[in-house]
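Reviewing the structure listed below.
Have a look at this one:
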């Protein structure tokens, strides 16, 4: 699937979705700093192109599994902004009833098996979802988003092996955002991650993860291959985490693991700027872009107002849902 | 009704359920050839799409089971030796046991994890553990531990119709033993104990592999005039406390026998719960018969020293019931 196939209308749509994610995450940063959230949040700012470019190819019957930095994947595949924000606020009307919080946002009705608090935890789940899609004879696929940190979990090797052996309809999307928690990736990761596909005989590819057009194109090809019975693909999306591993990390870190200059330098090519430049290049009217942004801002504002006012769960709910 | 080995009973139950429900698949190491015997013949009957012979990769297997179960399949995940539960434990503890809860009930996870547990065959510490207490402590998984082929068939069928992760922990040394197995659709509800021997002087609760020595202990005790009520919970989660307390109401004395290490064993849990709920029924202190806090050794002499046999059960009963029971009956 080539970048040229991406229409300017579709590009604007992708930009709108990225803008929505960015707006939610920036607002979460604010309310977290203001002490309004019960727990920690890991923000997706700087990586929006990956979730949006990939999920653009998926239906509600295709499955995704994601990471502790999972708000973006959720918002890329589900329209339930209010339910996501309410979940992060720990409220009863959150998408998981307040049981999961930020690291477990999931909308199963939309094919989102959930964010995951275990680094690499989604890899085996998505492999199973792909096995399920194949065994049931569907043309659905499973996509797992995981970080460069998770690429160093042993389960990735196990998954690549079975996915290759069984030609599973699985797309492994590694988001290399430059950091494994507080360690620069190069200090904890040998070689290049996309090349880890090669020994298993499945396609691997590095992708500019900050350009939604490139993500859309590479993911479209991998997903099409998986749907057609061509098996798994490993995509390494090269991106950059503009926020910390976790919000408010400077309050407990004794020293910094990257310079402010580095972050500012990387901001020049962050995905919204890249997409905006592309929209201008495609001669999308500035008014159309501004209208899309305004629409998203309003929706996000409404979601936060809703969540902040939403009722807390009843304490009895803590004792439900262990078993079906 | 026919006499069958436990592995045959399990095999029969799986095959019947796979016939009944096309969403059931089997995955595991060597399930095509089935060294244990419980999945023998399934690949020929149901094909390689439903019977997946896997690499030795418990991390991905235990998690794949969760992903496949959440998305429309019923999964039998065969982990072979119980100790391999540890190598696949991340997805068991962090996903299988919690995903439904964390997601506020959005998913059902119909998974049957199967493994052989316990010692007695000189396979040493890394193939002889009994990890049902560890699994019980996870909270989100059910556990069945059949001690007889008939129970195995009924419990496997119930487990395969349950919408939750269930562990079938089969006593390693027990697969070859024969027993009566009802024909056809024989289902034992999870959480229902069976009184394998009726008695009035002492309640012996024995789990899984310990039912056999407990039966022998009951025979010995009978010779000494002590009548023991032997309760086989069959299911560890949920535990049938009503059956245990019901027996205790008659006997007032309790011995719990478990092949797990004593610290935090299921015997400990039963003892604690009975102390809370049935203290008024107790005429004597509760006794636990379990493995001391050591690993399971290799040499048969050492292994025998560690794993409870019938004499230790008899000894424990005599400690709390011996004199009075003998007086009453003798």
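Protein chains in written order, with the working numbering: chain U, 318 to 641; chain F, 1006 to 1335.
Ideal Cβ positions, reconstructed from N, Cα and C, are used throughout, including at glycine.
Do three or more CB pairs link the region 1046-1063 of chain F to the region 623-641 of chain U at distances below 8 Å?
-> no
Which residues in chain U sit within 9 Å of residue 1113(F), going by Cβ to Cβ distance?
-> 641
What do you reckon, are the CB atoms on residue 1264(F) and residue 1127(F) nearer than 8 Å?
-> Judged by their CB atoms, residue 1264(F) and residue 1127(F) are not nearer to each other than the 8 Å cut-off.
Proximal chain F residues relative to residue 444(U), where beta-carbon distance stays under 8 Å = The answer, in chain order, is 1065, 1068, 1069, 1072.
Under 8 Å between the Cβ atoms of residue 519(U) and residue 543(U)?
-> no
C-beta atoms of residue 1010(F) and residue 1183(F) nearer than 8 Å = Cβ distance < 8 Å, so residue 1010(F) and residue 1183(F) count as in contact.
Contact belief for residue 458(U) with residue 382(U) at Cβ below 8 Å, rounded distance in angstroms | Taking the Cβ atoms as the reference, residue 458(U) lies roughly 12 Å from residue 382(U), outside the contact range of under 8 Å.
Which stretch, first to last residue, makes up the alpha helix (DSSP H) that contains residue 653(U)?
-> This structure does not reach residue 653(U), given that chain U is present from 318 up to 641, and the question cannot be answered.
Quick one: measure Cβ to Cβ for residue 1234(F) and residue 1202(F), integer angstroms, because I've assumed they're closer than 8 Å.
-> Separation of the CB atoms of residue 1234(F) and residue 1202(F) is rounded to 7 Å, and the pair is thereby assigned contact status at 8 Å.
Taking just the CA atoms, how far does residue 1060(F) sit from residue 345(U)?
-> Taking the straight line from one Cα to the other gives about 43 Å.
Determine the burial state of residue 1247(F): buried for a count of at least 16 other Cβ atoms within 10 Å of its Cβ, exposed for fewer.
-> exposed
Own chain, CB closer than 7 Å to residue 405(U), minus 5 neighbours either side, in chain order | 345, 354, 358, 418, 419
Among residues of its own chain, excluding the 5 on either side of residue 676(U), which ones have a beta-carbon nearer than 6 Å to its beta-carbon?
-> Past the boundaries of the shown model lies residue 676(U); chain U is included only from 318 to 641, so the question cannot be answered.
Could you spell out the range, first to last residue, of the beta strand (DSSP E) harbouring residue 610(U)?
-> Here residue 610(U) belongs to no beta strand (DSSP E); instead the alpha helix (DSSP H) covers 603-626.
Sorted by chain position, which residues of the same chain lie with C-beta nearer than 8 Å to residue 1187(F)'s C-beta, five sequence neighbours on each side aside?
-> 1006, 1155, 1158, 1159
Under a three-way DSSP split, which group does residue 372(U) fall into?
-> helix
For residue 1331(F), which residues of its own chain have a beta-carbon under 8 Å away from its beta-carbon, when the five flanking residues on both sides are left out?
-> Residue confidence is low: residue 1331(F) scores 45 on pLDDT, short of 50, so the model does not pin down where it sits. Its coordinate-derived value is still stated next. Excluding sequence neighbours, residue 1331(F) sits near 1229, 1230, 1231.
Alpha helix (DSSP H) runs wholly inside the region 1098-1144 of chain F, at least 4 long, in chain order = 1104-1107, 1137-1141
How about residue 1119(F) and residue 1148(F): are their beta carbons less than 8 Å apart?
-> no
Starting from residue 1008(F), follow its DSSP beta bridges and name the residues at the other end.
-> Residue 1008(F) pairs with 1185(F).
For residue 550(U), which option in 493(U), 337(U), 512(U), 416(U) has the closest C-alpha, if you only look at C-alpha atoms?
-> 512(U)
Distance, residue 1191(F) Cα to residue 1052(F) Cα = 25 Å
What did DSSP end up calling residue 641(U) once you bin it into helix, strand or coil?
-> Residue 641(U) sits in coil when the DSSP states are folded into three classes, being neither helix nor strand.
Determine which residues of the region 403-419 of chain U have a Cβ less than 9 Å from any Cβ of chain F, and write them out in chain order.
-> 404, 411, 412, 413, 414, 415, 416, 417, 418
Would you list, in sequence order, the uninterrupted beta strand (DSSP E) runs of no fewer than 3 residues that lie entirely inside the region 1203-1238 of chain F?
-> 1207-1211, 1233-1237
Buried versus exposed, by CB contacts within 10 Å (16 or more), residue 1055(F) = buried
When you compare only the Cα positions, how much space is there between residue 363(U) and residue 1269(F)?
-> 47 Å
Leaving out the 5 sequence neighbours to the left and right, which residues in its chain are closer than 6 Å to residue 586(U) when beta-carbon positions are compared?
-> 527
CB residue 1104(F) to CB residue 1071(F), shorter than 8 Å?
-> yes
DSSP three-state assignment for residue 1315(F), whether helix, strand or coil = Collapsing the DSSP output to three states places residue 1315(F) in a helix.
Could one say the Cβ of residue 1119(F) lies closer than 8 Å to chain U's Cβ atoms, at least one of them?
-> no
So which residues on chain U does residue 1106(F) lean against when the C-beta distance must stay under 7 Å?
-> Within chain U, 416, 638, 639 have C-beta atoms less than 7 Å from the C-beta of residue 1106(F), given in sequence order.
In chain order, which beta strand (DSSP E) runs of at least 3 residues are fully inside the region 394-459 of chain U?
-> With a minimum length of 3 residues, the continuous beta strand (DSSP E) runs that stay inside the region 394-459 of chain U are 429-431.
Run down chain F in chain order and give the residues with a C-beta less than 8 Å from the C-beta of residue 435(U).
-> 1095, 1099, 1100
Which ranges would you report for the alpha helix (DSSP H) in the region 1239-1276 of chain F if only whole runs of at least 4 residues count?
-> 1246-1256
Cross-strand partners of residue 551(U) (DSSP beta bridge) = 489(U), 521(U)
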